[in-house]
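Chains S and G, in that order, are what the protein sequence lines are. Going by the numbering used here, 120 is the number at position 120 of the first sequence; the sequence numbering is gapless. Heads up: take any position in the second sequence, counting from 1, add 1000, and you land on the numbering used here. For glycine and all other residues, C-beta sits at the position ideal for the given N, C-alpha and C. Below you'll find the structure, written out as structure tokens, and then a few comments.
Number of protein chains: 2
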Amino acid sequence: MSRDQRADDPAVLQEALGSFVRAFGLHQPETTPCGQPISVSEAHALGELAQEGELRQVELTRRLRLQKSTVSRLVGQLSHRGWVERAPAPDDGRGVVLRLTASGRRAARNLAEARRERFSRLLDSIPAHERAGVLHALDVMVEALDEER
Amino acid sequence: MSRDQRADDPAVLQEALGSFVRAFGLHQPETTPCGQPISVSEAHALGELAQEGELRQVELTRRLRLQKSTVSRLVGQLSHRGWVERAPAPDDGRGVVLRLTASGRRAARNLAEARRERFSRLLDSIPAHERAGVLHALDVMVEALDEER
DNA sequence: GGACATGGTTCGACCGTACAACCAGAAGGT
DNA sequence: ACCTTCTGGTTGTACGGTCGAACCATGTCC
């Protein structure tokens, strides 16, 4: 089978993606692949907040692709750890604005460091000449997934 | 920042991978991304069995990268649905050999079809000239993940 | 002002996973 | 033969993330 034929076969994509998902340990979402005592969703939330500075909760919900109820509880946990603060949104009486506390920023930095460690190892295992291609491919897939819906 | 520098930065890989994971809906492992009423792990198990014909339970555990207790229950569910049969291993008094029933093979076919549907759409959203690259990238990552441990 | 949509919270339930304890069979040494 | 250790499976227990529905408050549109 030629390379182009393979590339047009959904089953091949499925197989490739399936293997990847399992290899990366995306079962057990309650432990981050980086070995940190924090759930995958919490880690994502922390990352988004660290990057954005401030975020409306509804926006976080959208980015995390979770239900609002789930995010509410998630934010509650982060707040309980003293990592995020909730403030009423200035322009919308219903909304909540989220912001990292100082300790939250510290946690985010630690997490980023651990992640860096983890992904450094992964990146090291990818042949140098493949790296750019892999990153590009991930972008392409995210775009495709966004477009699809 | 040049492309090669980006390619060597773990944070970039992290970001790309993170987005992808969320975009693909890898939260809620109890529903397969294909919209079938079956968990991701069950789907994987079904796929492995359909492909191999027969499989030792311990081997399935290895491939799914789960705990043996989890797999034991998983197999129990599949058996309860009438999709797999357990038989004592001929060469090892402890072992269990798994095999799909007729109805299990049918379920696997249906699942594969639904998956095909789903991935066809995804594939359609990926520009044709990117497809081979994406598939290759996934292979590369799985290899890297395997090597790493 | 009334109907409907939107952002958040709380409650209840579901389900997949891990860990530990346990059992039975295999393997290897003395 | 026997004892120890290892390995494949099962069961009990607990944890935790996610969802859906019900509910409230606020915003929006006619």
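Quick check on this structure: which residue in L1046/G, V1071/G, P1037/G and V1040/G has the alpha carbon closest to the alpha carbon of T1152/G? Residue 1152/G cannot be examined here, being either before or after the span of chain G that is shown, 1001 to 1149.
Rounded to a whole number of angstroms, what is the C-alpha to C-alpha distance between V71/S and A1112/G? 33 Å
Rounded straight-line distance, which links the Cα of A1089/G to that of L74/S: 46 Å
Please confirm whether L1145/G and A108/S have their CB atoms less than 7 Å apart. no
Assign Q1051/G to buried or exposed, taking buried as 16 or more other Cβ atoms, counted over all protein chains shown, within 10 Å of its Cβ. exposed
When we look at the beta-carbon of Q67/S and count the other beta-carbons within 10 Å, is it buried (16 or more) or exposed? exposed
Taking the alpha helix (DSSP H) that A114/S falls in, what are its first and last residues? A102 to S125
Return the residues of the stretch 100–123 of chain S that lie within a Cβ-Cβ distance of less than 9 Å from chain G, sorted by chain order. A112, R115, R116, E117, R118, F119, S120, R121, L122 and L123
Chain G contact for V134/S (CB, 7 Å cutoff): yes
Tell me whether G104/S is buried or exposed, calling it buried when 16 or more other Cβ atoms sit within 10 Å of its Cβ. buried
Beta-carbon proximity of F181/S to V1134/G, cut-off 7 Å: Any question about residue 181/S goes unanswered here, given that chain S covers just 1 to 149.
Starting from A87/S, trace the beta strand (DSSP E) both ways and give me its first and last residue. V84 to P88
Starting from L1055/G and walking both ways along the beta strand (DSSP E), at which residues does that stretch end? E1054 to R1056
Using the beta-carbon of each residue, which ones in chain S are nearer than 8 Å to V1140/G? I126, P127, E130, G133 and V134
So for L66/S, helix, strand or coil by DSSP? coil
Taking just the CA atoms, how far does A1128/G sit from R1116/G? 17 Å
Sorted by chain position, which residues of the same chain lie with C-beta nearer than 6 Å to M1001/G's C-beta, five sequence neighbours on each side aside? Because the pLDDT of M1001/G is 46, which lies under 50, any placement of that residue in the model is unreliable, and the number read from its coordinates should be weighed accordingly. No residues qualify anywhere along the chain.
For P37/S and L98/S, the rounded distance between their alpha carbons: 22 Å
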